[in-house]
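Report on the structure given below.
Protein chains: 2
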Amino acid sequence: MSSTEPTSDEDVYLVDTTSTARTPGVRDLVMTDRWNTPIERPNGGYVLAAMLRGTGDELGVPHDPLYAAISYLGPPSVGPATIEVEPVKQGRRVVTASTRLLQDGRLVAVMTSGFGPREDERTTELGSPPALPAPDQCLDPSDHGGPTGGLFDRVDHRFATVPGWSTGAPSGDPAHDLWQRLAGGRTIDAYALGFLVDSAPPPVMELGEMASMTVQLTVHFHRRPTPGWIATRLSTRHLVTGFHEEDCELWDESGRLVAQSRQLAILG
Amino acid sequence: MSSTEPTSDEDVYLVDTTSTARTPGVRDLVMTDRWNTPIERPNGGYVLAAMLRGTGDELGVPHDPLYAAISYLGPPSVGPATIEVEPVKQGRRVVTASTRLLQDGRLVAVMTSGFGPREDERTTELGSPPALPAPDQCLDPSDHGGPTGGLFDRVDHRFATVPGWSTGAPSGDPAHDLWQRLAGGRTIDAYALGFLVDSAPPPVMELGEMASMTVQLTVHFHRRPTPGWIATRLSTRHLVTGFHEEDCELWDESGRLVAQSRQLAILG
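Just so you know, the protein sequences line up as chains A and B, in that order.
First residue of the first sequence: 1, per UniProt numbering; consecutive thereafter.
First residue of the second sequence: 1, per UniProt numbering; consecutive thereafter.
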């Protein structure tokens, strides 16, 4: 579906998340089928990464995003899309923008994001990364009958143990840790963190709920990761009348938190 | 500052969060000094509650909010304000709106919110409410030299123990639980939950950081509380180069989670 046929994992990520300027504030994007979920729709994290990159390119600020808050309004489709970026506020510490994704005149998602420098050195970390065996000691689901194609060719997953839901025996505890990286170890930039918070199987599957759709997702971006795998902590603690939160933490191999997110999702 | 002088706690909350329709999509609000923080600015949770009520009134949907994601762009002031509400998507399960708050032509905050019914009964709660002594066995900070006036006349706080920051001895652990309610026990509606997630002293004060400004705040609304106090759990786990998250859970006296939030804030 892309006019540029990528030849490597490196290219695929860049080509598929890059939009081109049409007029000031309006950008053209082609969403490919290379990030499709099992229901044959582009993954929501891919949508977020493409909208974020389009916003960063449009704003032209030399900073990574600080946060993004996205609302998903309807299912995205493979094919052309329009990204509209409106600068909302040029603050001293945060530049804020409002971004919309449209397909065939239909609003697919709206996002507010903030970009800016981090000038303060104060850092206090009271959390800790997931306790996972080394990636090469973990299970590659594609070796064990896991899904392939689309999204599953774009991200590498490594599980410490076989998830209960994958064997038809959900554990009842919707929490799991796993390793992730972009396919082939491609460099992870800030935009890709927006993808990686929504690229793994949802933990609510451990409650036997196999379909969950994201309504709203907020990501905090803390730093770019060191090269390597991303230790990913996913959990759902509160399922209330059909809606549930899903928390995600991404930690790099040097043990630093690189991003965290929370989403509100609805059972399908 | 209000044209209507309220005569009770009941009135204050309703008057101060209610805006009046000017033209379709545009509403007039008067922000009073009754919700001021110690820096003499209207509290961010009050701003959120007023924007949410304005959005709900404008949309005219018979449902409570499901979520609200607000970005604070500049300091709010006591005085007149304009709320602009744009319906973004009328979905089958979620009605989404984009809302802006302006003062003197200056953009103060932008918010995306979703409203809708909860038709699914499935509920699984894996968390638990804070373990707090009964409210009447807890400390009322106003009896112990705590601040009064403004915000502190609008919300009742009860602490299990004297916070370290209040005695000049921050504990080093930015987490605390407390009871809260609207002043005098006024009924808590869904909009007020948007206030209560941002109405208590920030836990980062236990790191000796006495000034923290919210950049972005996302709230999930689960249910209206039963009458009584709200057990409030606040924590900051990750302070990264001057920015930190703050998580909040609100539990009613019957032990049910009524709302949860996460904000990204910047040290002052």
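Note that CB positions come from ideal geometry on N, CA and C, so glycine has one too.
- Residue 119 of chain B reaches chain A at 241 and 242, counting residues in chain order whose Cβ is nearer than 9 angstroms.
- When B:161, B:239, B:253 and B:29 are compared, the shortest CA-CA separation from residue 224 of chain B is found for B:253.
- The residues 59, 61, 63, 87, 89, 114, 115 and 116, in chain order, have a CB closer than 8 angstroms to that of residue 95 of chain B in the same chain once the five nearest residues on each side in sequence are set aside.
- Residue 137 of chain A is classed as exposed because its beta carbon has fewer than 16 other beta carbons within 10 Å across all chains shown.
- Of all residues in the region 144 to 172 of chain B, none comes within less than 7 angstroms of chain A when Cβ atoms are compared.
- Looking only at A:36, A:175 and A:54, the smallest Cα-Cα distance to residue 126 of chain B is reached by A:175.
- Fewer than three pairs of CB atoms, one per stretch, sit closer than 8 angstroms, so the region 138 to 157 of chain B makes no contact with the region 211 to 225 of chain B.
- By alpha-carbon distance to residue 183 of chain A, the top candidate from A:160, A:110, A:255 and A:196 is A:196.
- Only those residues of the region 94 to 125 of chain A whose C-beta falls short of 8 angstroms from the nearest C-beta of chain B are listed: 94, 96, 98, 107, 110, 112, 114, 118, 119, 120, 121, 122, 123, 124 and 125.
- Residue 88 of chain A: member of the beta strand (DSSP E) spanning 79 to 90, first to last residue.
- In this structure, B:246 is the residue among B:83, B:18, B:85 and B:246 with its C-alpha nearest to the C-alpha of residue 201 of chain B.
- Residue 190 of chain B and residue 128 of chain B have their alpha carbons spaced roughly 21 angstroms apart.
- Sequence-distant Cβ neighbours of residue 262 of chain B in its own chain, meaning closer than 8 angstroms and more than five residues away, are 217, 218, 245, 246, 247 and 248.
- As DSSP reads the structure, residue 70 of chain B sits in a beta bridge with B:111 and B:217.
- Proximity of residue 199 of chain A to chain B, defined by a Cβ-Cβ separation below 7 angstroms, is not satisfied.
- For the C-beta of residue 245 of chain B, the chain A residues within less than 7 angstroms are, from N- to C-terminus, 220 and 260.
- Annotation for residue 6 of chain B: 12 and 15 place their beta carbon closer than 6 angstroms to its own, counting only its chain and skipping 5 residues before and after.
- For residue 29 of chain A, the closest alpha carbon among the candidates A:23, A:38 and A:19 is that of A:19.
- Among the bridge pairs identified by DSSP, residue 103 of chain B is matched with B:106.
- Put simply, the CB of residue 237 of chain B is near chain A, with a gap under 7 angstroms to one of its CB atoms.
- With 16 or more other Cβ atoms from the protein chains shown falling within 10 Å of its own Cβ, residue 156 of chain B counts as buried.
- According to the DSSP secondary-structure assignment, residue 94 of chain A is paired through a beta bridge with no residue.
- For residue 229 of chain B, the three-state secondary structure derived from DSSP is coil.
- Sixteen is the threshold: when 16 or more other Cβ atoms of the shown chains lie within 10 Å of the Cβ of residue 188 of chain B, as they do, the residue is buried.
- Counting only the Cα atoms, residue 82 of chain B lies some 42 angstroms from residue 37 of chain A.
- The DSSP-derived three-state label of residue 135 of chain B is helix.
- Residue A:77 holds the alpha-carbon nearest to the alpha-carbon of residue 35 of chain A among A:98, A:77 and A:66.
- Against chain A, the beta carbon of residue 77 of chain B has no neighbour under 8 angstroms; the closest one sits roughly 16 angstroms away.
- Closest in alpha carbon position to residue 161 of chain B, among B:135, B:186, B:152 and B:185, is B:135.
- For secondary structure counted as the beta strand (DSSP E) over 3 or more consecutive residues, the region 15 to 66 of chain B holds these complete runs in sequence order: 20 to 23 and 26 to 31.
- Per the coordinates, the alpha-carbon of residue 205 of chain B lies some 13 angstroms from the alpha-carbon of residue 237 of chain B.
- Per DSSP, reduced to three states, the secondary structure at residue 192 of chain B is helical.
- The Cβ atoms of residue 173 of chain B and residue 132 of chain B lie no closer than 7 angstroms to each other.
- Around the beta carbon of residue 92 of chain A, fewer than 16 other beta carbons lie within 10 angstroms, which makes this residue exposed.
- Contact annotation: in the region 205 to 217 of chain A, residues whose CB is within less than 7 angstroms of a CB in chain B are 207, 215 and 216.
- When DSSP states are grouped into helix, strand and coil, residue 240 of chain A belongs to the strand group.
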